[in-house]
Amino acid sequence: MFWTMVSMILGGAFLSFVAGKCRGRNARAAFNYAAWGTWLLLLMFMPFGIIPIPVVGLLLDKIILLAPAVICYILAASSLLKEMRAQKEGEFTDIA
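Its first residue numbered 53, the sequence shown is counted upward by one per residue in this note's numbering.
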């Protein structure tokens, strides 16, 4: 479990580094969202539960704790699609 958490932290740092190297505005946002999503996956390792129901509570706890990371990954995919669409149409989103 320790190495899983370390790999998530390093993965988020790497995605944040890649975001700094991107030239497109939407690509930079996509990698920043992905970095935050990777860091928010660490919520999965929280030791306490929110909902005290025995069987259903465990599943709902995991869903509630993973929801922020899933939202960040959806935003990352949306930003990356926007960047790809802009480059396809020739509208580059570089900061000049």
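A virtual CB, placed ideally from N, CA and C, is assigned to each residue, including glycine.
- Closest in alpha carbon position to Asp113, among Met96, Ala121 and Ile126, is Met96.
- DSSP places Cys124 inside the alpha helix (DSSP H), whose first and last residues are Pro106 to Lys140.
- Annotated as distal: Cys124 and Leu94, with beta-carbon spacing of 8 Å or more.
- Between the C-alpha atoms of Arg77 and Phe69 there is a straight-line separation of about 15 Å.
- Taken atom to atom, the span from the alpha-carbon of Ala65 to that of Ala87 is near 7 Å.
- DSSP links Gly89 through a beta bridge to no other residue.
- Our two residues, Ile61 and Gln139, have alpha carbons roughly 31 Å apart in a direct line.
- Residues Ala71 and Cys74 of the same chain have their beta carbon placed closer than 7 Å to that of Arg80, with the five preceding and five following residues left out of the count.
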